[in-house]
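Protein chains in written order, with this note's numbering: chain A, 1 to 661; chain B, 662 to 977. Cβ coordinates follow ideal geometry from the N, Cα and C atoms, glycine included. It should be emphasised that the depicted structure is a prediction, and the values quoted were computed from it without experimental measurement.
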C-alpha cells in the first residue's frame, strides 16, 4: 500500500481540484503566477503521458530544475510584492508551492499533502469573499477535491464517475450536522479571532471624514452596500431617513474636514413622547470608526461613544461586518450652544467666496432674524434654476461662488457646502453633516438596504431656541431626492437594468422581484451567517432556552455535543450493521404487514416463495401481485440485483389488498 | 471461452433433469428423495440411506450409480467382514519376489455398502479415511481413490437385531441421511403392475459421465448465495448450539454441508441462486442424523429435530 503508484489519472483529479480552487484567485494574483501554476500542472499531467521514458529517466535533472524554478519564483514573488508576509503574498506562495508539490507528487503521502493543501486553498478564498455564490462554488470545489481522494483510494477502479460524485456529495452532506453544531456553539469573540493582515482592508469605499466637490457624487456611482437595517416595528418615512455620519466644521474654501475637535459637551434633549425607532443595523466593514445611526440616536451600543457634535463612533475601526442594536428618537433638540462651538460654526476661509458673502449680507440686512434669513436663503435656492446632477461641470476657482452664481449644477455636497457658507457669512453658525439618506426597502424582508449611492450631505444650522437644526438645501433644488429617494430622482445613474428589459413591463417587474429576492437572501445570509457574532449567539442560545452562557460553557457544550455525536457514530458502527439489501427487506416487511391485515400472516420461518405459493392459492385475485412482488424481492435480496429496488418500491406502494368474503 | 463454458453449464443442468427422470422410472413415487440423493452427490457428499428392508434402498443406490455413468462396486456388509475385504490386500508374488497390492472394491467411483451397520465398528472405521480424504492407506502406503468418489451406504434402523450403530464421527461424514418410506398407493400399484426392478435396472443407460458430474460439482461455486442467507445459515447453526435443546450443536462441517447441499438443490431446480426454501428443503436430511434432542424432551423421535430447528429460527 505504501508504495502505491500515483497514476496520471489521480494527478489529473488533483490538478482539476487545485485549478478550480485557485480560479477565483487568478484576477487578484500577478499574471505570471497563474501562468506558472497552469504550466506546472500541465507538465505533470502531459509529460508522463507523452514522454514517459524521458520523464522517469531524467528524474534527478527534473528535480533539480524544479527546485531552481521554485526558489526563483519565491524571489520573484518577493520582488513583486516587496514582502513575504500578508494575505496576498501568502496566497500567491500557497498557489505556487501547491503546484510545485503536485509536480513532485510520487508517493501516497505526497498525494494526501497536496490534497490537504488544496482544501486549504479553498478556505483562503473566503479571505476575499463570503457571499452565497462563493460558498456554493467552494462546496462544488470541495466535492471535486473529494472525488479525487475517492478515486485515489478506489484502487480497483470499481466506482463509476457518478458513483464517486454521489459518494463525495454524500460525505459533504453528512458533515453538515457537524458543521452546524460547530458553527452555532463555537465560542465567538468580538471582532476577528486573529487580526486579518493590514492589506485586507485597503480600498474600502464609504463616507469619509472629508468632503470636497466630487467625493459624494463619486460614491453615488457605487452600488456597494454600506449597511442594512431592520426595524423592530415599522420603517420610518423615507424623508426621515437621515443616517448621521461625520460632522464637518472646517473648510479651506474647497475641502471640508472635521477639523480639530474641541472638548464640548454633546448634549441632546429628546422628546420621549415622539416616535421611537428600534432597529438592528448591520454595518459592512469600513475600516473607519463611524456608525451611521438614524437621526437622532438615543440609545447606543456598548462599544461606541458619542462625540460632542453627535457623531456615533466605534472604539475601534470596523474591520468585519457587525450588527448593532440602536434606538433613535425623531423629536430632539441638539447642542448646548457653547461659545467655542458657535465660533467654530462661523469660521470662513480667508477672503474667499466674495459673491456669496455679498448675497449673505443683503439677506442679513433685509431679515435680521436668523430663522428668517435661513428661510430666505432656502427660498432663493428654490427660486433660482438649480439643477441636481451627478455630473456637474468642472469648477476650478471659487467652488461656492461658481456653483451659486454661474453653473448652478451640482450634487448634494455642492448644495450643503454652499448653503453652509451662506449661513456662516450671514452670521448664523452652521456645519456640514455627511452620511446617508434614504435606503431601498426590500418588501420581502421588511428591511432597508443602504448603498453607497445613498451617500448624502446636508447642513445643520444653529438657532438659539431650536439648537442645531437639520436643513437640507438639496431638497430645494430636487425635492424628490429626499421624499422619493435617489433611485427615483436619478434612476439612470444607479439602476442596473439588463439591456432590453426596460421596454417590457412584466419582465422588468420580474427582474425587480428577483433582485429583491436576491437581496433578501443576502440579508439573511449576512445577518445569520456572516453576522453571527457573540451577540447573535447569545440571543440564539437565549431563544433556545439556555440562559447566559459564557465561552467556557460554550466550549463545554461543544465538546459534549461532539462527544455525543462521536459516540453515536461509534455505537452505530458497533451495532449489527444493516445488510446491503436491507431496503428490500423493509419493503417486503410492509408487504407482509399488508398480507397480515387481510388475514394471511407470514410465519417467521416461511420462505418468500413458500409464502407466495400458499397465499396465491388462497387469494387468486391478487395472485399475480403476490407473485410479482415476491419475484422482485427474491431478485433483490437473494440475487443481489439492486437495480430492481425502485420497481419493488413502486409495486409495494400500489399494492392495496382488501379483505374478501 | 466463457460462452462455451456457460453453454456447457446450461446443458449440464438440463441433463440433471434427465437424471432425475431416469431414476424416477425405476424408483417410483420418490421424486423428492431422488432429488435429495442427487443433490448430495453434486455437493460431493456421501449418502446414507436408512430404512426398513425392502423399500428400495439398494435399488435407489444402484440406479443412481448407473444413471450417473459411474463405475461402482458393491459390498454386502456382514459382521465378519474385515477391513482388507474393502480396501484390498498385498499378496506375495513368487515370481517377482515382491508384495503385489490387490485393490479392494473401494477403488471405484461409487461404493455401495449395503447394510453398513451390520459390520463391526472396526470395519466401519476402515471407511473413515476413504470418505474424508479420498485415499486409502495400507501397509504404510497411501493410495488415491479415483475421482469422483462416493460412498452410498444403506442401513437398517438401529433397533433391528444384529446391528452395530454407526459412531457419531462416522455419521458426520455422511452429508445426508435420507429415508425412503413406503410408496404411496399409486406408486405401489405401478410397482406391482410393472416389470421386475432388477430387469429394468439392466436396461438403464447412463445419462451423465464422471467428468460431467465433476463439472456440475464445480458449477456449485457459481451459484449465488446472498449475505442474507449466510446470516440465516449462521442463525441456524447458532440456534442448534445455544438453544440448549440438543445434545450437541451442529458442527462447522454440518454448516458447510447445508450450504453445499442447498446450492446443489438450487441447481437441480434450475436456479442459479439459493433461496431460504432451498436450505429448508435439504435441512432435514443434512441435520437429522447429526442432531439429537436432549433426553428430557426427546420423547419425540429424532426426526423432529430439523423441524424444530426450522420453526424456531426466523428467516432474516
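**Request:** Check residue 399/A in the structure and name its three-state DSSP category.
**Result:** helix
**Asked** Closest Cβ-Cβ distance between residue 634/A and chain B: below 8 Å?
**Response** yes
**Message:** In this structure, how does DSSP classify residue 377/A when only helix, strand and coil are distinguished?
**Reply:** helix
**Message:** Between 942/B, 783/B and 696/B, which has its C-alpha nearest residue 738/B's C-alpha?
**Reply:** 783/B
**Request:** Could you tell me the distance, in whole angstroms, from the CA atom of residue 435/A to the CA atom of residue 416/A?
**Result:** 12 Å
**Request:** Mind checking which residues open and close the beta strand (DSSP E) that includes residue 245/A?
**Result:** 242 to 248
**Asked** Taking 8 Å as the CB-CB limit, is residue 578/A close to chain B?
**Response** Unreliable placement is indicated for residue 578/A, whose pLDDT of 48 sits below 50; the coordinate value is still reported in the next sentence. Output row for residue 578/A: interface = no.
**Helix, strand or coil at residue 233/A [DSSP, three-state]** = coil
**Item:** Where residue 609/A meets chain B, residues with beta-carbon distance less than 7 Å
**Value:** 936 and 938
**Message:** Which same chain residues end up closer than 8 Å to residue 362/A when comparing Cβ atoms and leaving out the 5 residues on each side of it in sequence?
**Reply:** none
**Item:** N- and C-terminal bounds of the beta strand (DSSP E) containing residue 78/A
**Value:** That residue, residue 78/A, is in no beta strand (DSSP E); its alpha helix (DSSP H) goes 59 to 81.
**Message:** Whether or not the region 716 to 728 of chain B and the region 897 to 905 of chain B are in contact is what I'm after, with contact meaning three or more pairs of Cβ atoms, one per stretch, closer than 8 Å; do they touch?
**Reply:** no
**Item:** Contacts that residue 605/A makes with chain B (C-beta to C-beta distance below 8 Å)
**Value:** 941, 971, 972, 973, 974, 975 and 976
**Request:** Using a Cβ-Cβ cut-off of 8 Å, state whether residue 109/A counts as contacting chain B.
**Result:** no
**Item:** In DSSP terms, what residue 973/B is bridged to
**Value:** Paired residues: none, contrary to the question.
**Nonlocal neighbours in the same chain, by C-beta distance under 7 Å from residue 810/B, ignoring five residues either side** = 770 and 795
**Touching by the beta-carbon criterion (3+ pairs, under 8 Å), the region 286 to 306 of chain A and the region 242 to 254 of chain A** = yes
**Prompt:** Does the beta-carbon distance from residue 297/A to residue 281/A come in below 8 Å?
**Reply:** no
**Item:** Beta-carbon gap between residue 865/B and residue 698/B smaller than 8 Å
**Value:** no
**Message:** Taking contact to mean 3 or more Cβ pairs, one atom from each stretch, closer than 8 Å, check whether the region 8 to 27 of chain A and the region 54 to 73 of chain A are in contact.
**Reply:** no
**C-beta contact flag for residue 740/B and residue 780/B at 8 Å** = yes
**Prompt:** Along chain A, in chain order, which residues have C-beta atoms closer than 7 Å to that of residue 890/B?
**Reply:** 638
**Request:** Kindly indicate if chain A contains any beta-carbon less than 8 Å away from that of residue 707/B.
**Result:** no
**Asked** For the region 707 to 733 of chain B, which residues have a beta carbon sitting closer than 7 Å to at least one beta carbon of chain A?
**Response** none
**Message:** Please list, in chain order, the chain A residues whose beta carbon lies closer than 9 Å to that of residue 885/B.
**Reply:** 638, 639 and 640
**Prompt:** Could you give the residue range of the beta strand (DSSP E) that holds residue 915/B?
**Reply:** Residue 915/B -> not in any beta strand (DSSP E); alpha helix (DSSP H) instead, spanning 913 to 929.
**Asked** Whole alpha helix (DSSP H) runs in the region 554 to 614 of chain A with 4 or more residues, listed along the chain?
**Response** 582 to 597
**Request:** Would you list, in sequence order, the uninterrupted beta strand (DSSP E) runs of no fewer than 3 residues that lie entirely inside the region 817 to 867 of chain B?
**Result:** 835 to 839
**Presumed contact (8 Å Cβ cut-off) between residue 650/A and residue 644/A, rounded CB distance** = Going by Cβ atoms, the distance from residue 650/A to residue 644/A rounds to 10 Å, so no, they are not a contact pair.
**Request:** For the region 425 to 498 of chain A, list the alpha helix (DSSP H) runs that are entirely contained and at least 4 residues long, ordered along the chain.
**Result:** 474 to 477, 479 to 483, 486 to 489 and 491 to 494
**Message:** Is the separation between the beta-carbon of residue 427/A and that of residue 364/A shorter than 8 Å?
**Reply:** yes
**Message:** Let me make sure I understand the geometry here. Which of 590/A, 141/A and 310/A has the alpha-carbon closest to that of residue 258/A?
**Reply:** 310/A
**Request:** Measure the C-alpha to C-alpha separation of residue 382/A and residue 215/A and round it to an integer number of angstroms.
**Result:** 24 Å
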